[in-house]
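Some notes on the structure that comes next.
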Amino acid sequence: MLVVYTRVFSQPCYHEIVKFLIGVDEAGRGPLAGPVAIGAVMVPKKFDVLKMFPDVKDSKLLSPKKREEIYEEVVARTKAGEMRFCVRFTEHTFIDAYGITRAVRRAVQRSVSNLVPRHGSGQAPSPQNVHVFLDGLLYAPSKYEQETIIHGDVLVPLISLASVVAKVRRDRLMISLSNKFPSYGFETHKGYGTERHRAALREFGLCEIHRVTYCTSLLK
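Rendered as structure tokens:
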């Protein structure tokens, strides 16, 4: 499980220049409603993610309660100055207009850029002294040293942590939106295409946060 993680840290080229590591993952690529979320978590190179977050794993393998616990620990350690994180959303309207790939790319760029000042120096993060690890087919702007790892949300704890913060923030948003659109059950399925959600679509049609391009075939 740790082969990729260990290999990354053993490469000499990372030791001198790189001071910070960023993990990036997404949540909400497939739902019929709501935004896609990208989580980015930045730690100093010597930060031991598994020691500080021994229960972390891909967010899909964690219970909602455990995800919330890990998220709150990330918030606490961020307030203590030990790490930083950012979650950025790309809305359903952008997804419909430009497609999910471009929507994800936009959120990745915004989340990573939020963590890294354009002109950092010395011990502060900058595009020159960070290395970005991304899950699956994600990629960061080309100015960053980066590595995309298939199943990175399982293999690399820092990416797992990013998956958790993205999932928690998106779930919280969808629960909040369920108050505005109570007929669809967003608080339970978070916009995914469950049978309950599909039945609600057939009965009530689309609401203003549905991804039209994802739902058209379901309404025929």
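The opening residue of the sequence shown carries number 1287 in our numbering; numbering runs sequentially from there.
Built from N, CA and C at the ideal position, the CB exists for glycine as well.
Residue pairing by DSSP puts Phe1306 in a beta bridge opposite Pro1330, Val1416.
Between the region 1425-1440 and the region 1300-1318, the count of C-beta pairs closer than 8 Å reaches three or more; the two stretches touch.
Under the three-state reduction of DSSP output, Cys1501 falls in the helix class.
Secondary structure remark: continuous alpha helix (DSSP H) runs of at least 4 residues inside the region 1430-1504, in chain order: 1438-1441, 1443-1464, 1472-1475, 1481-1490, 1498-1501. Asp1421 and Ile1445 do touch by the CB rule: their CB atoms are close to 5 Å apart, below 8 Å.
With contacts defined as CB atoms closer than 7 Å, Val1327 and Leu1424 fail to qualify as a contacting pair. Annotation for Cys1501: Leu1318, Leu1487, Leu1492 place their beta carbon closer than 7 Å to its own, counting only its chain and skipping 5 residues before and after. Collapsing the DSSP output to three states places Arg1315 in coil. Around the Cβ of Glu1312, a 10 Å sphere holds 16 or more other Cβ atoms; the residue is buried.
Taken through DSSP and simplified to helix, strand or coil, Ala1389 comes out as helix. Taking a cut-off of 8 Å for Cβ pairs, the region 1370-1383 and the region 1449-1461 touch, as three or more such pairs fall below it. DSSP, read as helix, strand or coil, puts Asp1344 in coil. By the 16-neighbour rule on beta-carbons within 10 angstroms, His1437 is exposed. Annotation for Val1373: the continuous beta strand (DSSP E) segment containing it runs 1370-1376.
From the listed residues Ile1308, Phe1467, Lys1343, the smallest Cα separation to Ile1356 is found for Lys1343. Here Leu1505 is exposed, its C-beta having fewer than 16 other C-beta atoms within 10 Å. Collapsing the DSSP output to three states places Ala1323 in a strand. Taking C-alpha positions only, Thr1480 is separated from Leu1459 by approximately 18 Å.
Taking the CA atoms as reference points, Glu1368 sits about 30 Å from Ser1462. Beta-bridge annotation (DSSP): Asp1421 is paired with Ile1435. Residue state for Val1360 is assigned as helix, using DSSP reduced to three classes. With a threshold of 16 other beta carbon atoms within 10 Å, Ala1323 meets it and is buried.
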